[in-house]
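>
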Amino acid sequence: MKYKIEKIGNLIDEISVKNQNLAYKNLIGLNIKKEFIPSIANQNDLDLSKYKIISKNTFATNLMHVGRDEMLPVSLFKDSQNAIISNAYKTFVINKENEKNVIPEFLMINLNTKEFDRYCWFISDSSIRGGLEWKRFCDIEIKIPDYEVQKNIVDIYNSILKKKEKAKKNIYELKKILNNHFLTIQKNKDILGNYITECNERNENNKTQNYLGISIKKKFIKSKLDKDSFASLLGHKIIEKDQFAFISTTSRNGEKISIAKLEDDIAIVSATYVVFKIKSTKKLRGQYLMLYFKESEFDRYARYHSWGSARETFTWEDMNKVKIHIPSVDKQDSIIELGNIISLNEKLIKNYDSMIEKICPTFLRGIN
């Protein structure tokens with residue numbers, strides 16, 4: 072296959088158009104998945120005129136943390152509506168000389184491989200953050216095949232991205248329905264304490280050594296603590312399938328309460344965790360309750376009702392006072408189905424990410 076080797080710097084022009092007239096307020100950033108995301112910065116104290124305008128087919132990259140993160144945050148902006156991005160980002164486009172020779176998405180495929188990230192990490196500087204100099208980035212060489220070859224590769228790449236975007240849109244729309252369900256219904260609410268009961272069984276007979284923790288994503292994870300360092304696991308709490316556990320400390324926890332429902336048969340958690348179960352699934356479904364716990368409104372409620380000084384806590388007594396709308400079990404089952412579809416789409420997105428991760432280097436290895 073015919074190809075040319077070109078330095079990235081020969082293919083691109085750096086651009087820097089400031090938002091001087093405050094025409095745009097859609098502030099975005101980049102995550103480690105090389106995706107543009109809405110910025111979480113408080114815009115009330117920001118001078119948005121200093122931010123850069125980013126438009127369709129413009130790249131943005133943050134060169135400051137490459138050595139620390141062992142990857143280069145970079146992405147191609149595809150939205151038709153302009154946005155703004157921090158002045159700390161470098162923004163660039165395919166230059167006029169190569170507009171008909173290089174497809175922007177093809178360049179992005181080159182920038183979206185682990186091999187490229189490893190090389191950027193290797194050539195980053197020795198500072199604490201491990202920045203990558205713009206000149207070094209521009210000196211990186213890539214293979215440029217004929218335009219038609221690029222187009223065939225990009226067509227496959229874009230087809231996967233479109234499916235991923237469709238799954239993300241499905242999740243967004245379905246979550247709006249769930250949000251409306253839990254937020255808009257203010258009548259017929261009951262306290263949760265009427266439906267749940269605490270579990271305090273200890274691992275006295277050493278039933279299991281499956282020691283779990285809870286992430287802020289509200290999932291059980293293998294505990295990072297070394298269980299061998301404990302003199303005994305007998306004092307830890309038993310949790311069984313379909314039971315819940317939560318960490319009562321809510322401070323310094325991403326403004327979330329760590330809570331999860333166990334899908335496996337049996338495990339143990341820290342004695343400091345609160346474990347509970349539903350009294351009757353004929354009145355309240357566990358999956359319905361877990362969907363409520365995943366709502367940001369519940370996180371806000373738990374944080375607001377947490378108490379303490381250095382360590383704010385949301386206790387078992389506080390959990391019992393939570394008010395929730397509990398419809399008929401048929402309605403609950405319908406809401407659960409929506410949650411299942413959301414989970415299915417989340418799995419699809421992971422699969423698409425995995426496909427992209429695998430095919431990008433495969434495409435490029437085929438150019439030889």
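Residues 72 to 439 (our numbering) make up the sequence shown, in order.
Ideal Cβ placement from N, Cα and C applies to all residues, glycine included.
For clarity, every value in this text was computed on a predicted model and none was experimentally measured.
State whether the segment 370-386 contacts the segment 318-326, with contact taken as three or more CB pairs (one from each stretch) at a distance under 8 Å.
yes
> Mark glycine 325 as exposed unless 16 or more other C-beta atoms lie within 10 angstroms of its C-beta, in which case mark it buried.
Residue numbering aside, residue 325 sits at position 254 when the sequence shown is read from its first letter. Under this definition glycine 325 is an exposed residue.
> Can you find the residues in the same chain that come closer than 8 Å, C-beta to C-beta, to asparagine 271, ignoring five residues on each side of it along the sequence?
Sequence index remark: in the sequence shown, residue 271 carries index 200 (1-based). Result list for asparagine 271: Lys308 and Val346, in chain order.
> Going residue by residue through the segment 175-204, where are the continuous alpha helix (DSSP H) segments of at least 4 residues, counting only ones entirely within it?
Correct list: 175-182 and 185-194.
> Could you check whether the segment 391-410 touches the segment 327-342, counting it as contact only if at least three pairs of C-beta atoms, one from each stretch, sit closer than 8 Å?
no
> Short of 6 Å in beta carbon distance, which residues of its chain neighbour leucine 305, apart from the five on each side in sequence? Order them along the chain.
On the sequence shown, residue 305 is found 234 positions in, with the first residue counted as 1. Hits under 6 Å: Asn274 and Glu275.
> Which residue wins for smallest C-alpha separation from tyrosine 344, given the options Trp205, Lys429, Ser195 and Gly284?
In the sequence shown, counting from the first residue as 1, residue 344 sits at position 273. Nearest C-alpha to tyrosine 344: Gly284.
> Specify whether the segment 405-416 and the segment 355-365 touch according to this definition: at least 3 beta carbon pairs, one from each stretch, less than 8 Å apart.
yes
> Helix, strand or coil, according to DSSP, for proline 109 in the structure here?
Working through the sequence shown from its first residue, we reach residue 109 at position 38. In this structure, proline 109 counts as strand in the three-state DSSP scheme.
> Starting from aspartate 261, follow its DSSP beta bridges and name the residues at the other end.
Position 190 of the sequence shown holds residue 261. Beta-bridge pairing links aspartate 261 to Ile395.
> Just mark proline 109 as buried or exposed, buried being the case when its beta carbon has 16 or more other beta carbons within 10 Å.
Mapped onto the sequence shown, residue 109 falls at position 38. Exposed: under 16 other Cβ atoms inside 10 Å.
> Excluding the 5 residues preceding and the 5 following glutamate 106 in the sequence, name in chain order all residues of the same chain whose CB lies nearer than 7 Å to its CB.
For the purposes of this step, residue 106 is taken as residue 35 along the sequence shown, with counting starting at 1. Excluding residues within five positions, the ones whose Cβ falls inside 7 Å are Ser146.
> Here's the rule I'm using: 16 or more other beta-carbon atoms within 10 Å means buried, otherwise exposed. How should leucine 415 be labelled?
Locating residue 415 in the sequence shown gives position 344, where the first residue counts as 1. Counting Cβ neighbours within 10 Å, leucine 415 comes out exposed, since fewer than 16 surround it.
> Thinking C-beta only, is lysine 239 closer than 8 Å to isoleucine 420?
Within the sequence shown, residue 420 is the residue found at index 349, counting from 1. Within the sequence shown, residue 239 is the residue found at index 168, counting from 1. If you check the CB distance, isoleucine 420 and lysine 239 come in under 8 Å.
> As a quick exercise: from Met426, Lys96, Ala94 and Phe163, pick the residue whose alpha carbon is nearest that of leucine 232.
The sequence position of residue 232 within the sequence shown is 161, counting from 1. Comparing Cα-Cα distances from leucine 232 to each of Met426, Lys96, Ala94 and Phe163, the minimum goes to Met426.
> So, under 8 Å CB-CB, serine 329 and isoleucine 287 are touching, yes? Tell me the CB distance rounded to an integer number of Å.
Translated into positions along the sequence shown, residue 329 becomes position 258. Translated into positions along the sequence shown, residue 287 becomes position 216. Between the beta-carbon of serine 329 and that of isoleucine 287 there is about 6 Å, and that keeps the pair under the 8 Å contact cut.
> Leaving out the 5 sequence neighbours to the left and right, which residues in its chain are closer than 7 Å to lysine 327 when beta-carbon positions are compared?
Counting from one through the sequence shown, the residue named residue 327 turns up at place 256. Cβ-Cβ distances below 7 Å link lysine 327 to Ile287 and Asp370 in the same chain, with the five nearest sequence neighbours on each side left out; the list follows chain order.
> Identify the residues that DSSP records as bridge partners of phenylalanine 208: which are they?
By 1-based counting over the sequence shown, the position of residue 208 is 137. Under the DSSP definition of a beta bridge, phenylalanine 208 lacks any partner.
> Which same chain residues end up closer than 8 Å to tyrosine 190 when comparing Cβ atoms and leaving out the 5 residues on each side of it in sequence?
Position 119 of the sequence shown, counted from the start, is the residue given in the question as residue 190. Once the five neighbours on either side are set aside, the close Cβ partners of tyrosine 190 are Ile211.
> By Cβ distance below 8 Å, which residues in the same chain neighbour asparagine 102 in space, the five residues on each side in sequence not counted?
Mapped onto the sequence shown, residue 102 falls at position 31. Excluding sequence neighbours, asparagine 102 sits near Ile108 and Pro144.
> Count Cβ pairs between the segment 90-98 and the segment 114-126 that sit closer than 8 Å; are there 3 or more?
yes
> Sorted by chain position, which residues of the same chain lie with C-beta nearer than 7 Å to tryptophan 387's C-beta, five sequence neighbours on each side aside?
The sequence position of residue 387 within the sequence shown is 316, counting from 1. Result list for tryptophan 387: Glu269 and Val345, in chain order.
> Looking only at DSSP bridge pairs, what is proline 216 linked to?
Working through the sequence shown from its first residue, we reach residue 216 at position 145. Looking at the DSSP assignment, proline 216 forms a beta bridge with Tyr74.
> How many Å lie between isoleucine 124 and asparagine 259 at the Cα?
Position 53 of the sequence shown, counting from 1, holds the residue named residue 124. Position 188 of the sequence shown, counting from 1, holds the residue named residue 259. Distance between the alpha carbons of isoleucine 124 and asparagine 259 is about 48 Å.
> Per DSSP, which residues does isoleucine 337 bridge with? Please list them.
One-based indexing of the sequence shown puts residue 337 at position 266. According to DSSP, residue pairing for isoleucine 337 in a beta bridge involves Glu311.
> With which residues is aspartate 84 paired in a DSSP beta bridge?
Within the sequence shown, numbered from 1, the residue matching residue 84 stands at position 13. BP columns for aspartate 84 point to Val164.
> When burial is assigned at 16 or more other CB atoms within 10 Å of the CB, is lysine 402 buried or exposed?
Translated into the one-based positions of the sequence shown, residue 402 becomes position 331. So lysine 402 ends up on the exposed side.
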